[in-house]
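Input: a single structure, listed below in structure tokens.
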Amino acid sequence: MLDLVLKISLIAVTLSMLALLYRVIKGPSTPDRVIALDAIGINLVAVIALISMILKTSAFLEVILLVGILAFIGTVAFAKFLEKGEIIERDRNH
Amino acid sequence: MKKNDVILQTVTNVVAFMIILFSLQVFFSGHYHPGGGFIGGLMTSGAIVLLLLAYDIKTVASIIPIDYKILIGIGLFFAVGTGAGSLFFNVPFLTHAFNHFDLPLLGETSLHTAVLFDTGVYLVVIGVTMTIIQTIGESE
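These protein sequences, in sequence, are chains V and D.
In this text, residue positions in the first sequence follow my numbering: the first is 2, and each later residue adds one.
In this text, residue positions in the second sequence follow my numbering: the first is 12, and each later residue adds one.
Spelled out as structure tokens, the structure:
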């Protein structure tokens, strides 16, 4: 029973990732694409959690936190590039 | 135009410590669980990259006054030193040893010389990643 529920939710999360992929390809502006990629990263966390429940292992729990941190750093880097044109500044006080 | 990234800087002050703690946990659990020196070093440099994003190269250099090129050398010294240390005990190069020790506070812990080799990997990964990112970030 739980296995069936997990597989149905895995399909649902995958469909939402496909919808986000449409926004990445179609998105009129770059911020749309960045937000869609961030949401794909969060959905990837859900996919990994569901798969680790289906496989009945706790070996992927580090990957969940890792993907969350990487999605955050990547989105911050992209946002800073869109706002200032450079990602790492040499001296921000002048 | 001056920008004030107060939200990004406040979040970074909290999250950078969490990432470093997570990287240390991944590093020390590498013997029995997924993880190890490579991913631990990458996560630590990820925390430093987050500091670089929220602040600038000059501020981060004053927070963490480390020359990352020297860190590569220290890491390689750790790796080679662990390998060469086995030669003193008449065993082949890179032979590792472990034993159980009764540490205060931690109880019985098995200490392994592979951790020292992993420390070398950890330092080299931090050094190489930060050298690459800082060299690219500094060039105009």
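For each residue, glycine too, the CB sits at the ideal point set by N, CA and C.
The model shown is predicted, which means the values in this text are computed figures rather than measured ones.
| Check | Outcome |
| --- | --- |
| Closer than 8 Å by beta-carbon distance: list the chain D residues that pair up with D92 of chain V, in chain order. | D67, I68 and K69 |
| By DSSP, does E119 of chain D sit in helix, in strand, or in coil? | strand |
| So what does DSSP say about D129 of chain D, is it helix, strand or coil? | helix |
| Does chain V have any CB closer than 7 Å to the CB of I191 of chain D? | Because residue 191 of chain D is not part of the residues shown, which for chain D are 12 to 151, the question remains open. |
| Using a C-beta cutoff of 7 Å, does K81 of chain V count as contacting chain D? | yes |
| To the nearest angstrom, how far is the alpha carbon of G41 of chain D from that of S150 of chain D? | 36 Å |
| V60 of chain D touches chain V at which residues, Cβ-Cβ below 7 Å? | I74 |
| Kindly indicate which residue of V:G75, V:R24, V:A50 and V:P32 has the alpha-carbon position closest to the one of S10 of chain V. | V:A50 |
| Is there contact between the region 59 to 73 of chain V and the region 15 to 26 of chain V, where contact requires at least three CB pairs shorter than 8 Å? | no |
| Does the beta carbon of A60 of chain V come closer than 7 Å to any beta carbon on chain D? | yes |
| Using the rule of at least 16 other Cβ atoms within 10 Å of the residue's Cβ for burial, across every protein chain shown, is G86 of chain V buried or exposed? | exposed |
| Considering N24 of chain D, what are the terminal residues of the alpha helix (DSSP H) in which it resides? | V17 to F39 |
| If you measure from the beta carbon of A78 of chain V to each beta carbon in chain D, is any gap under 7 Å? | yes |
| Just checking: is the beta-carbon of I55 of chain V within a distance shorter than 7 Å of some beta-carbon in chain D? | no |
| By Cβ distance, which residues of its chain are closer than 6 Å to I52 of chain V, with the 5 residues on each side in sequence left out? | none |
| Do you know whose CA, among V:I43, V:L21, V:R24 and V:R34, lies nearest V68 of chain V's CA? | V:I43 |
| Work out the CA separation of I147 of chain D and K69 of chain D for me, nearest whole Å. | 15 Å |
| Whose CA, out of D:V102, D:L62 and D:Q36, lies closest to the CA of I50 of chain D? | D:Q36 |
| At least one CB of chain V closer than 7 Å to the CB of L64 of chain D: is that the case? | yes |
| Taking a contact to mean a Cβ-Cβ separation below 7 Å, would you say G48 of chain D touches D113 of chain D in this structure? | no |
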